[in-house]
Amino acid sequence: MTVPRTRRMLLVAAALALTAAACGDVDDPDVAQTGTTAPRSIEPPGGGGVTIVAKDTAFDTITLDATVGETLTITYDNRDDGIAHNLRVEGAAGGDAKTDIEEGPTTRTLAVSFDDAGEVTYFCDVHPRQMRGTVTVSP
Ligand SMILES: [Cu+2]
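Residue 17 in numbering that gives the first Met the number 0 sits at position 18 of the sequence shown, and the numbers go up by one each step.
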């Protein structure tokens, strides 16, 4: 007699635990919602975005991917204090796309698109040997 009774109590305890867990699940979304702020996004709507950091007269990113006809938005972050850099992307639709040559720190955005598949080069006009990379444009 004592064994079934113990089992029954364990079942009741288990059921209570499940109920408590279920209540916790119901409460969680409310807690998450009250703690959630408005979504923030630095990405422009509808376009792919990448960041290139210029530091110590070098790019941190030397390969990029793009697709013909799609806009690639590049955030160019020159972190070299007092050193002038820019970003020029050769072979973009309508001619080279480039930012102004400016001393850092400065951040600029460059939106580029490509009419043809293949590989194109990007570089800094001031330091074209040290600071350069390749965009692979897919059809
Ligand atoms: Cu440079």
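Note that the Cβ used here is the ideal one computed from N, Cα and C, for glycine as well.
For L109, three-class secondary structure by DSSP:
strand
| Under the rule that 16 or more other beta-carbon atoms within 10 Å means buried, what is I61, buried or exposed? | exposed
Q | Counterpart residues of N77 in DSSP-defined beta bridges | A | A53 and T105
Checking the sheet assignment: what are the DSSP bridge partners for G90? G90 pairs with nothing; no bridge assigned.
For this session: Assign V88 to one of two classes, buried (16 or more other C-beta atoms within 10 Å of its C-beta) or exposed (fewer than that).
Result: buried
- Query: Given A96, which residues of its chain have a CB within under 6 angstroms of its CB, disregarding the five upstream and five downstream residues?
  - Reply: V88, L109 and V111
- Item | Inter-residue spacing [alpha-carbon to alpha-carbon] between H84 and N77 | 7 angstroms
* Is A65 closer than 8 angstroms to V136 when the C-beta atoms are compared? -> yes
*Three-state secondary structure (DSSP) of S137*: strand
Among the residues of its own chain, which have a CB less than 8 angstroms from the CB of V125, if the five just before and after it don't count?
A83, H84, N85 and I100
Any heavy atom of ligand 1 closer than 7 angstroms to the beta-carbon of A125?
The identity of residue 125 in the sequence shown is Val, whereas the question assumes Ala. It does: the Cβ of V125 is within 7 angstroms (strictly closer) of some heavy atom of ligand 1.
*asked:* Let's see if you can read the secondary structure: which residues bound the beta strand (DSSP E) around E118?
replied: G117 to F122
> What residue range is occupied by the uninterrupted beta strand (DSSP E) comprising T66?
Replying inline: T62 to T66
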